[in-house]
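**Q** Have a look at this one before I ask anything.
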Amino acid sequence: MAKMTYRFQEGKKEWKDLLGGKGANLCEMTKLDLPVPSGFIVSTDACRDYLAQESKKLSPKLIEEIILQIKHLEALSAKTFGIGDNPLLVSVRSGAKFSMPGMMDTILNLGLNDQTVHALSAITGNVDFAFQCYCRLIQMFADVVYGVSAENFGVTPTGTKSEKEWQQTVQNYQKIYAANTGQSFPQNTMEQLIIAVEAVFTSWNNQRAKVYRRLHNISDALGTAVTIQQMVFGNYSADSATGVMFTRNPATGEKGVYGEFLLQAQGEDIVAGIRTPEPIRKLAETMPYVYDELLKIATQLENHYQDMQDVEFTIEAGKLYMLQTRNGKRTPQAAVTIAYNLMKEGIISTETMINRIDEEMIEKLLHPTFTKEARQKKAIVQGLPASPGASVGQVAFTAESAKEMAMQGRPVILVRNETSPEDIEGMSVSEAIVTSRGGMTSHAAVVARGMGICCVVGCEALQVDESQGVAYFAEGQLKIGDVISVDGSSGRVYRGKLPLNEATTSAVLEKVLKICDSQSTLAVYGNAETPRDIKESVKKGAKGIGLARTEHMFFKANRLKMMRQLILADNPDKVNEALSYMKEEQKADFCQMYQILGELPCTIRLLDPPLHEFLPQEKKELREIAQDLAINSQEVLTKAQSLAEINPMLGLRGVRLGITRPEIYQMQVGAIIEAAIEISRKEKITIIPHIMIPLVGTVKELSLIKKSCLEVIGAQFKDSNMNLPFNIGTMIEIPRACLIADQLAQIADFFSFGTNDLTQLTYGYSRDDAHKFLSTYTHNAILPSDPFQHLDAEGVGKLMRFASEKGKEEKESLSIGVCGEVGGDPASIQFIQTLPVDYVSCSPFRIPQARLACAKAAIAKKKSDHMVLV
13 MAKMTYRFQE GKKEWKDLLG GKGANLCEMT KLDLPVPSGF IVSTDACRDY
63 LAQESKKLSP KLIEEIILQI KHLEALSAKT FGIGDNPLLV SVRSGAKFSM
113 PGMMDTILNL GLNDQTVHAL SAITGNVDFA FQCYCRLIQM FADVVYGVSA
163 ENFGVTPTGT KSEKEWQQTV QNYQKIYAAN TGQSFPQNTM EQLIIAVEAV
213 FTSWNNQRAK VYRRLHNISD ALGTAVTIQQ MVFGNYSADS ATGVMFTRNP
263 ATGEKGVYGE FLLQAQGEDI VAGIRTPEPI RKLAETMPYV YDELLKIATQ
313 LENHYQDMQD VEFTIEAGKL YMLQTRNGKR TPQAAVTIAY NLMKEGIIST
363 ETMINRIDEE MIEKLLHPTF TKEARQKKAI VQGLPASPGA SVGQVAFTAE
413 SAKEMAMQGR PVILVRNETS PEDIEGMSVS EAIVTSRGGM TSHAAVVARG
463 MGICCVVGCE ALQVDESQGV AYFAEGQLKI GDVISVDGSS GRVYRGKLPL
513 NEATTSAVLE KVLKICDSQS TLAVYGNAET PRDIKESVKK GAKGIGLART
563 EHMFFKANRL KMMRQLILAD NPDKVNEALS YMKEEQKADF CQMYQILGEL
613 PCTIRLLDPP LHEFLPQEKK ELREIAQDLA INSQEVLTKA QSLAEINPML
663 GLRGVRLGIT RPEIYQMQVG AIIEAAIEIS RKEKITIIPH IMIPLVGTVK
713 ELSLIKKSCL EVIGAQFKDS NMNLPFNIGT MIEIPRACLI ADQLAQIADF
763 FSFGTNDLTQ LTYGYSRDDA HKFLSTYTHN AILPSDPFQH LDAEGVGKLM
813 RFASEKGKEE KESLSIGVCG EVGGDPASIQ FIQTLPVDYV SCSPFRIPQA
863 RLACAKAAIA KKKSDHMVLV
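In structure tokens, the structure reads:
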């Protein structure tokens with residue numbers, strides 16, 4: 013069996029799979045000759061081996077390796093483990109490949125027992141320090157190994173006591189330990205260490221860790237490493253401290269160190285949020301020489317890792333020690349700012365900057381904010397702005413009640429004294445998190461930033477009584493279910509519901525997205541048909557409108573009435589009256605669209621849905637329509653029944669409608685051309701109409717409709733004495749259309765893949781009913797994912813590849829786009845990038861993510877093509 017333990021001198025930062033992130037980075041800092049206390053790592057291989065065994069015991073070989081590593085630590089430190097006048101104490105910490113703050117377990121001060129505590133007291137000359145460390149060990153050991161809450165032990169004792177008083181305190185701790193675990197606290201320090209390693213391995217599968225991995229898409233199969241490191245003590249003396257520091261602001265991305273420290277404390281104190289720490293800048297006043305050294309190391313680490321670092325440090329008797337570095341958790345806003353600034357500073361490349369930003373970050377960054385007027389309202393409390401955003405919800409005081417309220421569809425804001433890892437499920441469903449204690453590096457702050465959840469911490473004026481379900485502030489109180497508004501950017505909390513502004517992109521994000529556009533080979537268009545959506549699409553960077561659905565334009569009251577008249581009337585005069593009205597209404601729509609877009613392209617799809625969708629189903633309502641339109645009610649009922657279809661998605665819709673009721677498509681084409689001519693003249697620009705014929709499955713269908721369109725267009729040009737360029741294309745959404753794409757390309761000016769219908773017709777799944785079984789299919793791995801959300805590259809993708817390649821072979825100038833939900837899906841865009849496609853089109857709110865995804869896909873393809881050439 014391969015070795016399972018590694019000294020810090022043996023590893024490197026690339027070994028995160030084997031040593032975990034914490035261990036690999038400690039190895040790297042050791043190689044950089046930074047002040048890192050000595051230690052070793054028990055590998056993730058050992059964890060997986062342990063978890064696979066029924067006995068859940070460390071193997072004899074692993075125990076032998078651990079003993080040898082402890083002997084090496086003894087030699088390095090000139091201390092002895094479990095015996096002697098100069099005891100060696102160690103910390104035992106979890107460390108998975110991916111950072112999981114607070115999700116797994118840590119034990120400090122391991123190596124103390126009834127004998128070594130006296131030795132530590134004698135060699136340090138500090139009785140209070142030695143016995144306080146022993147009490148902490150007993151408390152943490154009970155918690156980690158046996159799940160005994162720290163609350164059973166009361167407040168960790170501090171202050172000055174005699175040795176006799178401390179011995180009594182320790183005896184009380186040991187009695188509580190025995191009463192809750194059924195066992196005596198182990199005096200054999202090697203036994204302590206073996207049990208602690210097993211407990212950390214076991215913590216990989218605790219509930220909070222599993223929930224965190226599920227929320228962050230981390231594999232359960234990775235396992236955790238265990239870092240065993242010589243203790244240094246931030247609680248040793250008045251010139252000792254513990255701290256956490258970021259090399260840039262994790263909330264905003266602003267350059268400059270940002271963090272907190274606590275004098276005479278151990279690391280868990282600052283992370284747990286039990287005491288409110290001091291800002292890191294005050295360390296410059298307290299210990300200026302240490303502060304200067306810390307700044308120098310921070311710069312060195314950021315340059316070495318080429319990313320913002322989150323470092324943990326301890327100062328023991330005025331000497332600085334580095335305990336951890338990792339790429340810091342940050343808000344979406346900070347992530348974008350940091351990546352951009354690192355690129356501008358020449359630390360990372362443009363490609364790296366783009367790949368550093370996740371599409372989910374962009375989505376979360378586009379959160380709403382409170383209006384300026386709303387922010388003038390007096391806040392009930394103010395704390396530290398730990399994670400930006402603006403959220404409104406109902407107060408919950410426990411994770412359990414937060415989950416219950418969320419399941420009822422109520423927006424929740426979790427209000428706590430401080431959060432703990434056990435709260436992870438309640439935190440994940442909350443709109444915001446508010447704590448009365450803790451700082452910017454407390455558990456609540458770190459986890460909220462990682463999840464992109466609005467968070468305010470350290471609201472010291474808020475007194476939370478979780479057991480009674482009430483929180484008190486200077487001028488009142490909050491109870492369960494009360495509505496509050498939380499501003500994570502200012503740290504203010506307000507009573508009641510404040511009005512929100514719509515989300516806007518930041519100046520930095522705009523710069524990043526423009527760089528993304530310069531790297532992309534795919535353009536990003538919007539799916540939009542209302543003026544508001546079109547403006548939003550352009551505002552979010554769309555290069556045009558790839559899909560404007562005309563059917564959505566017919567549902568206003570007067571238009572719906574005329575549409576029903578068009579469908580139901582047999583009198584030619586009534587039909588012509590409806591067509592004339594609809595044409596003017598449609599023309600007004602298209603004029604608005606062209607006015608907003610200018611010369612940006614806009615693809616307008618002719619009417620697609622079955623006609624019966626415009627009619628009500630109830631006989632009573634049909635009779636009312638007949639009366640309203642002055643039509644015989646029996647004729648209306650008969651006509652409506654004749655339009656009813658057993659499977660309307662496969663019935664009289666799309667191009668079939670245009671062939672059976674040509675006057676409808678002719679009316680729409682006339683409105684499009686008239687609008688294009690009018691706006692071209694008015695604005696002195698050239699509008700190029702893009703007319704899309706939906707649901708084509710045969711060459712003859714497309715030929716007939718195109719001929720009909722050309723007749724209308726020719727007449728319009730003649731009447732207006734003005735010609736415009738135009739394009740007539742088709743939406744490829746039937747498998748047969750994919751197979752005859754080369755023939756269709758002879759007639760069409762462009763293709764647009766309608767992936768919703770193409771997926772529906774390829775699988776034979778009704779897109780309206782598939783939700784009834786798709787969750788079962790994905791859960792049982794029958795399908796890897798919902799094919800309506802993530803493009804099925806294996807099946808639907810093959811049809812798209814065949815069609816796009818055949819279409820381009822036939823007509824090189826053929827423009828090809830992809831519409832539907834997958835047009836904004838990052839995973840689908842990765843596949844679309846491999847096709848001869850020109851653009852993707854998605855809903856307005858997904859445009860920024862799509863722009864980023866297209867840049868990433870282009871970079872990945874370029875890299876792949878280069879590797880093939882090499």
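In the numbering used here, the protein residues as written are 13 to 882.
Glycine residues also receive a C-beta, built at the ideal position from the N, C-alpha and C atoms.
1. Is the distance from the Cβ of Ala460 to the Cβ of Ala398 below 8 angstroms?
2. Which one or two residues does DSSP pair with Cys854 in a beta bridge?
3. Between Thr254 and Leu274, which are expected to be in contact by the criterion C-beta below 8 angstroms, what is the C-beta distance as a whole number of angstroms?
4. Against chain C, does Ala347 count as a neighbour if the rule is that its beta carbon must be under 8 angstroms from one of theirs?
5. Quick check on the DSSP output: the beta strand (DSSP E) that includes Val48 runs from which residue to which?
6. Does the beta-carbon distance from Gly401 to Tyr851 come in below 8 angstroms?
7. Using a Cβ-Cβ cutoff of less than 6 angstroms, which residues in the same chain neighbour Leu795 once the five nearest sequence positions on both sides are dropped?
8. Ordered along the chain, which non-local residues of its own chain (more than five positions away) have a Cβ less than 7 angstroms from that of Gly503?
9. Considering only the beta carbon of each residue, do Ile691 and Pro701 sit closer than 8 angstroms?
10. Using three-state DSSP, classify His802 as helix, strand or coil.
11. Go through its chain and collect everything with a Cβ distance to Ser778's Cβ below 7 angstroms, but skip five positions before and after it.
12. Evaluate His455 with the Cβ neighbour count: other Cβ atoms within 10 Å of its Cβ, from every protein chain shown; 16 or more gives buried, anything less gives exposed.
13. Around the C-beta of Ile618, are 16 or more other C-beta atoms found within 10 angstroms, so that it is buried, or is it exposed?
14. Could you tell me whether the region 423-437 touches the region 250-269, using the rule of 3 or more Cβ pairs below 8 angstroms?
15. Which value, in whole angstroms, describes the spacing of the CA atoms of Met574 and Tyr593?
16. Helix, strand or coil: which one does DSSP assign to Ile725?
17. Taking the C-alpha atoms as reference points, what is the distance between Asn539 and Phe567?
18. For Ile699, which residues of its own chain have a beta-carbon under 6 angstroms away from its beta-carbon, when the five flanking residues on both sides are left out?
19. Taking its Cβ as the centre, do 16 or more other Cβ atoms sit within 10 Å of Pro291, making it buried, or is it exposed?
20. Report the three-state DSSP secondary structure of Phe110 (helix, strand or coil).
21. Is it the case that the Cβ atoms of Leu490 and Val482 are separated by a distance below 8 angstroms?
22. Taking the alpha carbon of Arg571 as the reference point, which residue from Leu641, Val524 and Lys712 has its own alpha carbon closest?
23. Beta carbon of Phe153, beta carbon of Tyr185: below 8 angstroms?
24. Reducing DSSP to helix, strand and coil, say where Phe273 ends up.
25. Ser413 and Ile527 - do their beta-carbons sit closer together than 8 angstroms?
26. Hey, how far is the Cα of Ile4 from the Cα of Val157?
27. For Asn644, count the other beta carbons within 10 Å of its own beta carbon; 16 or more makes it buried, fewer makes it exposed. Which is it?
28. Ignore the nearest five residues each way along the sequence and tell me which others in Ile445's own chain have a CB closer than 7 angstroms to its CB.
29. Within this structure, are the beta carbons of Ala757 and Leu714 separated by less than 8 angstroms?
30. Hey, could you find the ends of the alpha helix (DSSP H) Pro256 is sitting in?
31. Can you check DSSP and say which residues form a bridge with Tyr18?
32. Rounded to whole angstroms, what's the CA-CA distance from Thr517 to Lys552? Just pull it up for me.
33. For Ile150, tell me which candidate among Gln183, Ile135 and Leu736 has the shortest Cα-Cα distance.
34. Which whole-angstrom value is the C-beta distance of Ser111 and Arg338, which I expect to be below 8 angstroms?
35. How is the alpha helix (DSSP H) around Met299 delimited, first residue to last?
36. For the candidate residues Phe143, Asn229, Gly330 and Ala87, whose alpha-carbon lies nearest to that of Pro47?
**A** This is what the structure holds:
1. Here residue 460 corresponds to residue number 448 of the sequence shown, with the count starting at 1. Here residue 398 corresponds to residue number 386 of the sequence shown, with the count starting at 1. Yes, these two residues count as a Cβ contact at 8 angstroms.
2. Residue mapping note: residue 854 aligns to position 842 of the sequence shown, counting from 1. Gly538.
3. Numbered from its first residue, the sequence shown carries residue 254 at position 242. Numbered from its first residue, the sequence shown carries residue 274 at position 262. The pair is a contact, with the Cβ atoms about 6 angstroms apart (cut-off 8 angstroms).
4. Going by chain labels, chain C is absent from the structure shown, which holds only one protein chain.
5. Taking the first residue of the sequence shown as position 1, residue 48 is located at position 36. Note, Val48: premise wrong, no beta strand (DSSP E); not H, not E.
6. As a working mapping, residue 401 is identified with position 389 in the sequence shown. As a working mapping, residue 851 is identified with position 839 in the sequence shown. No.
7. Sequence index remark: in the sequence shown, residue 795 carries index 783 (1-based). These residues qualify, in order along the chain: Tyr789.
8. Mapped onto the sequence shown, residue 503 falls at position 491. Cβ within range, chain order: Gln394, Gly395, Leu396, Pro397 and Val468.
9. Locating residue 691 in the sequence shown gives position 679, counting from the first residue. Locating residue 701 in the sequence shown gives position 689, counting from the first residue. Not in contact: Ile691 and Pro701 (Cβ atoms no closer than 8 angstroms).
10. Taking the first residue of the sequence shown as 1, we reach residue 802 at position 790. Coil.
11. By one-based count along the sequence shown, residue 778 stands at place 766. Cβ within range, chain order: Met661 and Gln772.
12. Along the sequence shown, read from residue 1 onward, the residue named residue 455 stands at position 443. Label assigned to His455: buried.
13. To locate residue 618, count along the sequence shown from 1; it is residue 606. Here residue 618 is Leu; the residue named in the question, Ile, does not match the sequence. Under this definition Leu618 is a buried residue.
14. no
15. Counted from its first residue, the sequence shown places residue 574 at position 562. Counted from its first residue, the sequence shown places residue 593 at position 581. Each residue's alpha carbon lies about 7 angstroms from the other.
16. Here residue 725 corresponds to residue number 713 of the sequence shown, with the count starting at 1. Of the three classes helix, strand and coil, the one that applies to Ile725 here is helix, per DSSP.
17. In the sequence shown, residue 539 corresponds to position 527, counting from 1. In the sequence shown, residue 567 corresponds to position 555, counting from 1. Going from the Cα of Asn539 to the Cα of Phe567 covers about 18 angstroms.
18. Translated into positions along the sequence shown, residue 699 becomes position 687. Here the set comprises Tyr606, Ala688, Ile691 and Ser692.
19. As a first step, residue 291 must be located in the sequence shown, where it is residue number 279. Classification of Pro291: exposed, given that the 10 Å Cβ count is below 16.
20. Within the sequence shown, numbered from 1, the residue matching residue 110 stands at position 98. Three-state result, Phe110: coil.
21. Numbered from its first residue, the sequence shown carries residue 490 at position 478. Numbered from its first residue, the sequence shown carries residue 482 at position 470. The answer is yes: Cβ separation under 8 angstroms.
22. Your numbering for residue 571 matches position 559 in the sequence shown. The shortest C-alpha separation from Arg571 is found at Leu641.
23. Here the question's residue 153 lines up with position 141 in the sequence shown. Here the question's residue 185 lines up with position 173 in the sequence shown. No, they are not a contact pair.
24. The residue given as residue 273 occupies position 261 in the sequence shown. Three-state result, Phe273: strand.
25. The sequence position of residue 527 within the sequence shown is 515, counting from 1. The sequence position of residue 413 within the sequence shown is 401, counting from 1. Not a contact, by the Cβ cut-off of 8 angstroms.
26. The requested residue 4 is not part of the displayed model; the chain covers only 13 to 882.
27. Here the question's residue 644 lines up with position 632 in the sequence shown. When all chains shown are included, Asn644 counts as exposed.
28. Locating residue 445 in the sequence shown gives position 433, where the first residue counts as 1. Around Ile445: Leu426, Thr431, Met439, Ala456, Ala460, Ile465 and Cys467.
29. Position 745 of the sequence shown, counted from the first residue, corresponds to residue 757. Position 702 of the sequence shown, counted from the first residue, corresponds to residue 714. Going by C-beta atoms, Ala757 is not nearer than 8 angstroms to Leu714.
30. Counting from 1 along the sequence shown, the entry for residue 256 is found at position 244. In the sequence as displayed, the identity of residue 256 is Val instead of Pro. Here Val256 belongs to no alpha helix (DSSP H); instead the beta strand (DSSP E) covers Ala253 to Arg260.
31. Here the question's residue 18 lines up with position 6 in the sequence shown. Per DSSP, Ile53.
32. Residue numbering aside, residue 517 sits at position 505 when the sequence shown is read from its first letter. Residue numbering aside, residue 552 sits at position 540 when the sequence shown is read from its first letter. Rounded to whole angstroms, Thr517 to Lys552 spans 8 angstroms at the Cα level.
33. Numbered from its first residue, the sequence shown carries residue 150 at position 138. Comparing Cα-Cα distances from Ile150 to each of Gln183, Ile135 and Leu736, the minimum goes to Gln183.
34. Within the sequence shown, the letter at position 99 stands for residue 111. Within the sequence shown, the letter at position 326 stands for residue 338. Right, the Cβ-Cβ distance comes to about 5 angstroms (below 8 angstroms), so this counts as a contact.
35. If you number the sequence shown from 1, residue 299 lands on position 287. Run containing Met299: none; DSSP gives neither H nor E here.
36. Here residue 47 corresponds to residue number 35 of the sequence shown, with the count starting at 1. It is Gly330.
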